[in-house]
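The structure under discussion appears below in the form of structure tokens.
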Amino acid sequence: MIRIQKYGEVVRFDLARSIFGRGRYWTTAYWVDGLLIDSGCAYTASEFLQALQSFPILALINTHSHEDHFGANGLLQKRLPALPIYAHPKALPILADPRRQQPLQLYRRLFWGYPDPCQASGVADGAWIKGQSLDFQVLYTPGHKEDHLCLYQPEHGWLFSGDLFVGGKDRALGEGYCIWEIIDSLKKIAQLPLKWLFPGSARVRAKPLEEIRAKIAYYEALGEKILALHRQGRQPADIAHQVLGGGMWIEWITQGHFSRRNLVLSYLKGRSPED
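Residue numbers for the sequence shown follow numbering that gives the first Met the number 0, so the first one is 0 and each next one is one higher.
Right, here's the structure in full:
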């Protein structure tokens, strides 16, 4: 399934596999000034390319190597062999061989599937990528994944943030995510004069800085609570229940890959009880 919205010069594509007639677990790609930012999941690749037929594409940039962000890369590269594809250098092995380099849990295979392989080029932190008339700066923003990056357009104050920013108050975290790096990356983008935030899912935000700073404050306050209980000798499961409440449906559907315990463990990683 696909939904298309326009925000001035930015075109947003919301993409999801249809299950029993409804889109499940939407992900988002953007077209702006001749650049394509992310490409959705494997199940929506053909439909997405059909929707892109009227859009000139100078380059494709992937914000990170999760399967719901580069699902149409391979098909697009077959149709446009000369198209440059850019990603963080650490993402390249996964983009080139997704099945071997990033085995997927059952729920990920069900909702997003394995992308076809593609060949991409690494792009450096701080590098500039040219669109039709605008320049976009690459900003490394690890945490959600070590190969995560954002794309910043300074004249318009646009930030294409991938999965760095998620609204609300998180009670669970994916296995392998690093909460301290997420906080640092949020602080990095909070220094920018942002006017618009274009995330990899959920709603576009105008004047996003207040919400970004509130998210940082929430994460830091949550970390203080978790570390205080850790210093008292409490176990991660006990901390998770006390601080984050009862069980969540996402823990069941992901078989624990997303969980309250993972969020607690991410805060504790690299931290001793004396910290």
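For every residue, glycine included, the Cβ atom is placed at its ideal position computed from N, Cα and C.
N- and C-terminal bounds of the alpha helix (DSSP H) containing residue i
i: Q76; result: N72 to R78
i: G222; result: L208 to R230
i: Y307; result: Given a span of 0 to 274 for the chain in the structure shown, any question on residue 307 remains unanswerable.
i: W248; result: W248 to I252
i: Y106; result: L105 to F110
i: K129; result: No alpha helix (DSSP H) holds K129; the beta strand (DSSP E) holding it covers W127 to K129.
i: H240; result: P235 to L243
i: K186; result: I178 to A189
Whole-angstrom distance between residue j and residue i, CA atom to CA atom
i: I60; j: P153; result: 17 Å
i: D134; j: H68; result: 22 Å
i: D13; j: Y29; result: 9 Å
i: T140; j: S64; result: 13 Å
i: F110; j: R21; result: 12 Å
i: D183; j: P116; result: 31 Å
i: L228; j: R259; result: 15 Å
i: L196; j: E210; result: 10 Å
i: Q49; j: L75; result: 10 Å
i: H87; j: T62; result: 8 Å
i: Y266; j: P80; result: 43 Å
i: S160; j: P97; result: 22 Å
i: C40; j: A220; result: 34 Å
i: V9; j: A58; result: 15 Å
i: G7; j: L193; result: 16 Å
i: R107; j: R202; result: 22 Å
i: I238; j: A213; result: 23 Å
i: A15; j: H147; result: 21 Å
i: L51; j: K77; result: 15 Å
i: L34; j: G130; result: 6 Å
i: I181; j: S45; result: 33 Å
i: S271; j: P235; result: In this prediction, S271 has a pLDDT of 46, which is less than 50 and means its spatial position is unreliable; what the coordinates show is noted afterwards. Taking the straight line joining both Cα atoms gives about 13 Å.
i: L262; j: V31; result: 34 Å
i: H240; j: S200; result: 27 Å
i: D162; j: T253; result: 18 Å
i: Y151; j: L243; result: 33 Å
i: R99; j: M0; result: 28 Å
i: G73; j: F47; result: 12 Å
Assigned secondary structure, residue i (DSSP; H/G/I helix, E/B strand, else coil)
i: I1; result: strand
i: I56; result: coil
i: E273; result: Its pLDDT being 48, under 50, E273 is placed unreliably by the model, and the measurement read from it follows with that caveat. Of the three classes helix, strand and coil, the one that applies to E273 here is coil, per DSSP.
i: R204; result: strand
i: H143; result: coil
i: Y299; result: No answer is possible for residue 299: the residues shown for the chain start at 0 and end at 274.
i: F197; result: strand
i: A95; result: helix
Status (buried if at least 16 other CB within 10 Å, exposed otherwise) for residue i
i: P207; result: buried
i: A171; result: buried
i: Q118; result: exposed
i: Q104; result: exposed
i: W248; result: exposed
i: Q4; result: exposed
i: W25; result: buried
i: W127; result: exposed
i: P198; result: buried
i: Y217; result: exposed
i: I18; result: exposed
i: P102; result: exposed
Residues bridged to residue i (per DSSP)
i: G7; result: G7 is not bridged to any residue.
i: G121; result: A86
i: Y151; result: Q136 and L158
i: D13; result: R2 and T27
i: F69; result: The partner list for F69 (beta bridge, DSSP) is empty, contrary to what the question assumes.
i: S258; result: L172
Start-to-end residues for the beta strand (DSSP E) that takes in residue i
i: L34; result: L34 to I36
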